[in-house]
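J.:
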Amino acid sequence: MTERRNRGTSAVVSYVYALVITSVLVSSLLMAGSGLVEDERREVVRSELEVLGQSLAADVEGADRLAGTEGTEAVAVRTALPRRVGGVNYAVAVNQTGNGRVRLETTDPDVTVIVPVVTDAPLSSTTVRGGDVVVEYDGTVLEVRNP
Amino acid sequence: MADVRRVRGGETGERGQLFLVTALALAVAFVGLALLLNTAIYTENLATRNSDPGTAAAVDYRGAVRGGVGGLVEAVNREDADYETLEANLSRGVANWSDTAAVHGAMRGRSTNVSLDGTENGTRIGQADAGRNFTNRSGATDWQLASDTAGVRAFEMNVSRSNLSDPVLADLTDLDDVDIYRVNVTADAGTWSVYVYQNSTAEEVRVAVENETGAFHGPCAASPGPDDHVVVDLTGAAVGGADCAPLSFFAALSDDADVAYRDADDVTGTYELVVASDFATVNGTGNYVDPGNGSPYATEAIYAANATLTYESAEVYYRSKLRVAPGEPS
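Chains A and B are the protein sequences, given in the same order. Numbered per this note's numbering, the first sequence finishes at 147, counting up by one with no gaps. Numbered per this note's numbering, the second sequence finishes at 1330, counting up by one with no gaps.
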């Protein structure tokens, strides 16, 4: 008589084992993969916000340099910031606390970048979103806003 | 144990469906990651670019306007005309300069403009006869060039070394006691004296300054060229082309000043200055003749010009008022 090699086993249990182990493997791989993608996305967003922040700070300080010349009546420096970074919208807060800082933040992923700005002319507190931005000086204060 | 290599029922052609699905899902995720990192590379590249928004060009234009309008003021002042004619000539000159500069700017995509707002009246005083001493029309050796003038600019003299006094000095304080040509500038804070003399052994022209407290500074020395003359630039604080720091007191004068000569027979040469006083006031002293009739002369001149400049490019808009007074000490 031929020996049965599968004693004490059940087809159903084998099937369930196969499914469970496979699904555990699959889900852990997928979670690791998406975790990696999420981390990279966060880093990309941070890096882009830093570059944008420095570029905006350079524009503000350039406008301040013109505003500092004697007898200046009006200055306007226009730039176009990208509307989204890494696929998400972002908000820029200028000098909210009065320390001369520009804060860029996104909500998802949660990234905040702070860039210091030094100006001679007073800088007003405003918030701007991505897109066209203009730094204006009317003779008294510097203001960053969307036109 | 479970045998995941072989699905029950003997079907061997459809293995590992779930792994295939997983692999495809991971592949999609990694392609998305690659696109994301591509954006990161672009952002890093942006970070290496020049961040200047073009404000440097606006500042350059302001400097060019200062130089251009300053040159026009000097050129217009060369003509002996009354104040209305001078201002009209300057206004036309500035408009022409603005149009020419605008063409240059337009080639680079910039719109620029300068317009004259107004002028400050002044008087140009000078002596063109190099063989004459610095006395006034009647030959007085101690006389006042201008009194209570709001500003002095472009004060330059070209003196002959051999006709200057050659005093024997133990130290600079001896200058007070000797007959030496000097320029006295009197303001509220006191009187500054600029002594111009020579040292014949060293063959140098020397300039020493006594400030309002009586302290002596200098001397600044310069050797004359082959024509035996040295240029002393009082408002520019230079003797013979080299910096002379004691002369920089001109820049610190903040209120109305008197300018006078003492012992003006101890110097020979030419000189010129522009003061911010009205011509009628200066000429009324009787010290001067009309230009072209001898020396020293006084004539109407523009002391300073006020202009408005506008600069606009694609990124920058800049409008500013500018006061131009060429040769004004700063």
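Here a beta-carbon is modelled for each residue, glycine too, at the ideal position from N, C-alpha and C.
1. Does the beta-carbon distance from B:D1052 to A:A57 come in below 9 Å?
2. Contact between the region 1205-1215 of chain B and the region 1113-1133 of chain B is defined here as three or more beta-carbon pairs at a separation below 8 Å; is this criterion met?
3. Counting only the same chain and skipping the five closest in sequence on each side, list residues whose C-beta sits under 6 Å from that of B:G1292.
4. Is there contact between the region 1292-1307 of chain B and the region 1080-1089 of chain B, where contact requires at least three CB pairs shorter than 8 Å?
5. Quick one: residues in its chain with C-beta nearer than 6 Å to the C-beta of A:V75, no 5 flanking neighbours on either side, listed in chain order?
6. Please report how far the alpha carbon of B:L1035 lies from the alpha carbon of A:V44, in whole angstroms.
7. Nearest chain B C-beta to A:Q54 closer than 9 Å, yes or no?
8. What separation, rounded to the nearest whole angstrom, lies between the Cα atoms of B:A1027 and A:L36?
9. Can you name the residues of chain B whose CB is closer than 7 Å to the CB of A:R41?
10. Step through the CB atoms of chain B and report whether any lies within less than 9 Å of the CB of A:D108.
11. Between which two residues does the beta strand (DSSP E) carrying B:I1302 extend?
12. Output yes or no for whether 9 Å exceeds the beta carbon distance between B:V1178 and B:L1169.
13. From B:A1057, B:A1215, B:V1076 and B:E1315, pick the residue whose C-alpha is nearest to that of B:D1174; which is it?
14. So who's on the other strand from A:I114, going by DSSP bridges?
15. Report the option in B:V1324, B:A1154, B:Y1181 and B:Y1271 whose CA atom is closest to the CA atom of B:P1167.
16. Take B:A1325 and list the residues in its own chain whose beta-carbon comes closer than 6 Å to its own, dropping the five residues that flank it on each side.
17. According to DSSP, is B:Q1017 helix, strand or coil?
18. On the DSSP letters alone, give me the boundaries of the alpha helix (DSSP H) that B:T1055 sits inside.
19. Taking CB distances under 9 Å as the criterion, tell me whether B:F1019 reaches chain A.
20. Using a threshold of 9 Å, state whether the C-beta atoms of B:D1263 and B:S1165 are closer than that.
21. Identify the residues that DSSP records as bridge partners of B:N1089: which are they?
22. In the region 64-93 of chain A, which residues sit with their C-beta less than 7 Å from some C-beta in chain B, listed in chain order?
23. Note down, in chain order, every chain B residue with its Cβ under 8 Å from the Cβ of A:E48.
24. Would B:R1153 pass as an interface residue toward chain A - the criterion being a Cβ-Cβ separation below 9 Å?
25. Note down, in chain order, every chain A residue with its Cβ under 8 Å from the Cβ of B:V1031.
26. Can you tell me whether A:S23 is buried or exposed? The criterion is at least 16 other CB atoms within 10 Å of its CB, across all chains shown.
27. Quick one, which of B:V1073, B:D1142, B:A1222 and B:G1218 has its alpha-carbon nearest B:S1200's?
T.: Result, derived from the coordinates:
1. In the second sequence, residue 1052 of chain B corresponds to position 52, counting from 1. In the first sequence, residue 57 of chain A corresponds to position 57, counting from 1. Not in contact: B:D1052 and A:A57 (Cβ atoms no closer than 9 Å).
2. These segments do not touch.
3. Sequence index remark: in the second sequence, residue 1292 of chain B carries index 292 (1-based). So the list is empty, once near-sequence residues are dropped.
4. yes
5. Position 75 of the first sequence, counted from the first residue, corresponds to residue 75 of chain A. Closer than 6 Å at the Cβ level, and outside the excluded window around A:V75, lie A63, L66, A67 and Y137.
6. The residue you call residue 1035 of chain B lines up with position 35 of the second sequence. The residue you call residue 44 of chain A lines up with position 44 of the first sequence. About 11 Å.
7. For the purposes of this step, residue 54 of chain A is taken as residue 54 along the first sequence, with counting starting at 1. So, interface residue.
8. Start at 1 with the first residue of the second sequence, and residue 1027 of chain B comes out as number 27. Start at 1 with the first residue of the first sequence, and residue 36 of chain A comes out as number 36. The alpha-carbon atoms of B:A1027 and A:L36 are separated by roughly 13 Å.
9. Looking up residue 41 of chain A in the first sequence gives position 41. The contacting residues are L1036.
10. The residue given as residue 108 of chain A occupies position 108 in the first sequence. Not an interface residue.
11. Indexing the second sequence from 1 puts residue 1302 of chain B at position 302. Run containing B:I1302: Y1297 to E1312, per the beta strand (DSSP E) assignment.
12. Counted from its first residue, the second sequence places residue 1178 of chain B at position 178. Counted from its first residue, the second sequence places residue 1169 of chain B at position 169. For B:V1178 and B:L1169, yes; Cβs fall inside 9 Å.
13. Within the second sequence, numbered from 1, the residue matching residue 1174 of chain B stands at position 174. The residue with the shortest Cα to Cα distance from B:D1174 is B:A1215.
14. Here residue 114 of chain A refers to the residue found at position 114 of the first sequence. Answer is A:R103, bridged to A:I114.
15. If you number the second sequence from 1, residue 1167 of chain B lands on position 167. With distances taken between Cα atoms, B:P1167 lies closest to B:Y1181.
16. Locating residue 1325 of chain B in the second sequence gives position 325, counting from the first residue. Only R1153 and A1304 meet the Cβ criterion.
17. Working through the second sequence from its first residue, we reach residue 1017 of chain B at position 17. The answer is helix: DSSP assigns B:Q1017 an H, G or I state.
18. The residue you call residue 1055 of chain B lines up with position 55 of the second sequence. Per DSSP, B:T1055 belongs to the alpha helix (DSSP H) from T1055 to N1077.
19. The residue you call residue 1019 of chain B lines up with position 19 of the second sequence. Closer than 9 Å to some Cβ of chain A, the Cβ of B:F1019 qualifies, so yes.
20. Along the second sequence, one-based indexing puts residue 1263 of chain B at 263. Along the second sequence, one-based indexing puts residue 1165 of chain B at 165. Against a cut-off of 9 Å, the Cβ pair of B:S1165 and B:D1263 comes out as a contact.
21. Counting from 1 along the second sequence, the entry for residue 1089 of chain B is found at position 89. Answer by DSSP bridge pairing: none, since B:N1089 is not bridged.
22. R65, L66, T69, G71, T72, E73, A74, V75, A76, V77, R78, T79 and G86
23. Against the first sequence, residue 48 of chain A aligns to sequence position 48. From the beta-carbon of A:E48, the residues of chain B found nearer than 8 Å are T1039, A1040 and T1043.
24. In the second sequence, counting from the first residue as 1, residue 1153 of chain B sits at position 153. For B:R1153, the answer is no, since every Cβ of chain A falls outside 9 Å of its Cβ.
25. Locating residue 1031 of chain B in the second sequence gives position 31, counting from the first residue. Contact of B:V1031 with chain A by beta-carbon distance below 8 Å is absent, the smallest such distance being about 10 Å.
26. Looking up residue 23 of chain A in the first sequence gives position 23. Burial call: exposed.
27. The residue you call residue 1200 of chain B lines up with position 200 of the second sequence. Closest by alpha carbon: B:A1222.
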